[in-house]
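Below is one structure, written out as structure tokens, with a few remarks after it.
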Amino acid sequence: MRQFYPLLLICFATLTLQSCKNEYKTREIPPITVKTLTLGSPDSNNPNASYVATGRIEADKSLRLSFQVGGVIEQFPVNMGDFVQKGSLIARIDATAYQKQYEARKAQAELAKDNYNRIEEVYNKGSIAEVKMVEASSNYKQADAAAQASYQNVKFSRITAPFTGYVGRKMMETGDLASPGHPIVEFFDIDKLKAIIPISDDQVNQYKIGDTALVKIEVLDKEYEGEITEIAIQSDYNTPSYTAKITIKNDDKKIKPGMACTVMLPESEYVSKPNSSRFIIPVETVSVTDTNENFVYVVNSQNKAERRLVKTGSLYNNGISITEGLQQGDQLITSGYHKLTQGTPVTITNKH
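The sequence shown runs 54 to 405 under the numbering used here.
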């Protein structure tokens, strides 16, 4: 039997290696679920978008309505989200006291007017001194002015819609005591909206009012063409960025104030130079190597994580600028990146 031991050992080793080899082949790294942000516009109609920034949507017109006089709210017929035509009633306070005050002063004004008319008639006959007529005229004007002021208080007991729009947040309800100047409701016009974004100090002079832009509303997965209507001339507090507003139409009324958005500004003469594109990405997606180099993870064509070295620029309220290392169309991994290494398979959810 001993002469067969070497042969048996060889066969056993061969089977063990084959088994390990098969086991190695069957072991696959499970893909990691990640979320991504596509840099630049995915729309082929806008291939030159080169400055990308995230921002928020605001109403084109936004007012906080309040009474000019105080009182208990007796009518508040609108609810949050209601569509209201211009001139329609928003709220009314109990105006009983103001109405009675107006009626009393109106009666005083009528009495003063009658007195003035009688004195004027006597004055015209030459039977009274001019100073008496002047005094009567002055008393009438003062009484009439007081009556008109009281009538304004009656008018101020109502709030009507200053334009056709939507009711936002209600700060008070029927039965509450309203104070002069204290807001009771927010009111919006959302036919047009504004995307509010920061523009870095090294590019703010490359854009002007009237330039076009592409605004993507992530939650709607839809893009809207817009126009730059405002650019700040002073930077934001403690940051080297300037606020810009891009106006977009909201014909279908699906865009709501407060929604997050991504804005792509068209390529200008300055940013069309090689390696001059800028992207603003979330700060938390940038990691540091042992050699103090910055990197991010992107998804490659094989749906695997690719570690990409990048150079960072200025820090902004909504992220950090990347000056080198990323290109338009790259899918930046924004969630799940802490589980990744080079070549890890990924599954993308909530792709933007």
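In this text, a Cβ means the ideal position worked out from N, Cα and C, and glycines have one as well.
- Task: State the Cα-Cα distance for the pair Q201 and G234, rounded to the nearest angstrom.
- Result: Roughly 21 angstroms between the two C-alpha positions.
- Query: According to the Cβ coordinates, are V336 and V349 closer than 8 angstroms?
  - Reply: Cβ atoms of V336 and V349: not closer than 8 angstroms.
- Does the beta-carbon distance from S191 to Y151 come in below 8 angstroms? Between S191 and Y151, the CB-CB gap reaches or exceeds 8 angstroms.
- Unbroken alpha helix (DSSP H) run spanning N347, endpoints: Looking at the DSSP string, N347 is not in any alpha helix (DSSP H); the run it does join, the beta strand (DSSP E), is 347-352.
- C-beta atoms of A248 and V272 nearer than 8 angstroms: No, Cβ-Cβ distance for A248 and V272 is not below 8 angstroms.
- Can you tell me which of the three DSSP states E183 falls into? Here DSSP, grouped into helix, strand and coil, assigns E183 to helix.
- For the beta strand (DSSP E) holding Y104, just list the boundary residues, first then last. Element bounds for Y104: 104-119.
- Task: Counting only the same chain and skipping the five closest in sequence on each side, list residues whose C-beta sits under 7 angstroms from that of N132.
- Result: The residues are V220.
- Item | Residues that DSSP places opposite Q384 in a beta bridge | Bridge partners of Q384: T91, V352.
- Task: Buried or exposed for G108, please, with buried defined as at least 16 other CB atoms from any protein chain shown within 10 angstroms of its CB.
- Result: Buried: at least 16 other Cβ atoms inside 10 Å.
- In terms of residues, what are the limits of the alpha helix (DSSP H) holding V175? For V175, the enclosing alpha helix (DSSP H) covers residues 149-177.
- Query: For L393 versus I401, is the C-beta distance shorter than 8 angstroms?
  - Reply: The answer is no: Cβ separation not under 8 angstroms.
- Since I believe L246 is in contact with A358 (beta carbons under 8 angstroms), could you give me their beta-carbon distance rounded to a whole number of angstroms? About 36 angstroms separates the CB atoms of A358 and L246; that is not less than 8 angstroms, and the two are not in contact.
- Task: Leaving aside the five residues before and after P84 along the sequence, list all residues of the same chain whose C-beta is less than 7 angstroms from its C-beta, in chain order.
- Result: If we look at P84 and ignore the five residues flanking it on each side, its Cβ neighbours are P398, V399, T400.
- Message: Please identify the residue among Y260, Y169, P215 whose C-alpha is closest to the C-alpha of K139.
- Response: Nearest C-alpha to K139: P215.
- Please confirm whether T365 and N347 have their CB atoms less than 8 angstroms apart. When the beta-carbon positions are compared, T365 and N347 come within less than 8 angstroms of each other.
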